[in-house]
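Residue numbers (UniProt numbering): 1 to 261. For each residue, glycine too, the CB sits at the ideal point set by N, CA and C. Nothing here was measured: the structure is a model prediction, and the numbers come from that model. What follows is one structure encoded as structure tokens, with my remarks underneath.
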């Protein structure tokens, strides 16, 4: 690193890098290296991918949607708790304490689920550690997850392996399969370097108007499903509240990504 770059970057507390005219990296400060999980020599000469205006706009919209969803999920049980507490305060003699405590416990459970899911999303945003990844038999995982749903027909490639976190993929499959409230067909195939999982309703006219989610989830399930998919270098497409879902995951470890700004 040139001396002038070092002096400049040392004064910047946030992640920062210096690019040459051809948009390749020539210097990076320590916060940037920590965020990328890379060494200085690994970044030198790598191209920086700058999102297009429409991509930035979509990201901003996604953040706004997520913020609105998360706020709703937190405010709903809080509002229910407030109503119950105020009712108990104003009419203490008319309150069934056991019933009140049951309702309060349910709302606290919902708040705990929201908090847990927000922490999970934060963890996924930071990226997966290589130590969390193993060779996972996706076929066996789909079979196991489907057994808990019922009324699902399976058409699976006998052995589809992917490099992934078994724990996160189990949660992902639970979210997608949990969205099915009617007979459905689950198909798992190999497509080039990807495993393609398709979940299709056998009767789309019976699709629920409720959003995709697993039983007992916080309402942030679709955001979690997308985050898990992204963390594994895959793609997820959901149509008509889960009537048709397509999940694609690489059959081998995902490619190294370039830093983006």
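If residue i and residue j are in contact, beta carbons under 8 Å, what's the gap, nearest whole angstrom?
i	j	result
residue 220	residue 69	6 Å
residue 139	residue 157	6 Å
residue 162	residue 236	Wrong, their Cβ atoms sit about 14 Å apart, outside the cutoff.
Is it buried or exposed for residue i, if we count other Cβ within 10 angstroms and need 16 for buried?
i	result
residue 179	buried
residue 93	exposed
residue 154	exposed
residue 167	exposed
residue 214	Its pLDDT being 48, under 50, residue 214 is placed unreliably in this model, and the coordinates cannot settle the point.
residue 165	buried
residue 77	buried
residue 105	exposed
residue 149	buried
Distance check for residue j and residue i, CA to CA, integer angstroms please.
i	j	result
residue 243	residue 185	10 Å
residue 20	residue 29	15 Å
residue 101	residue 39	54 Å
residue 25	residue 127	22 Å
residue 246	residue 84	42 Å
residue 143	residue 112	29 Å
residue 64	residue 71	11 Å
residue 87	residue 73	22 Å
residue 216	residue 11	Confidence at residue 216 is low in this model, with a pLDDT of 46, below 50, so its placement is unreliable and the value that follows should be read with caution. Approximately 47 Å, taken between the alpha carbons.
residue 160	residue 122	29 Å
residue 200	residue 190	17 Å
residue 137	residue 36	29 Å
Would residue i and residue j be called neighbours here (beta carbons separated by less than 8 Å)?
i	j	result
residue 120	residue 145	no
residue 107	residue 80	yes
residue 175	residue 227	no
| Inter-stretch contact at 8 Å, needing at least 3 Cβ pairs: the segment 159 to 173 / the segment 226 to 234 | yes
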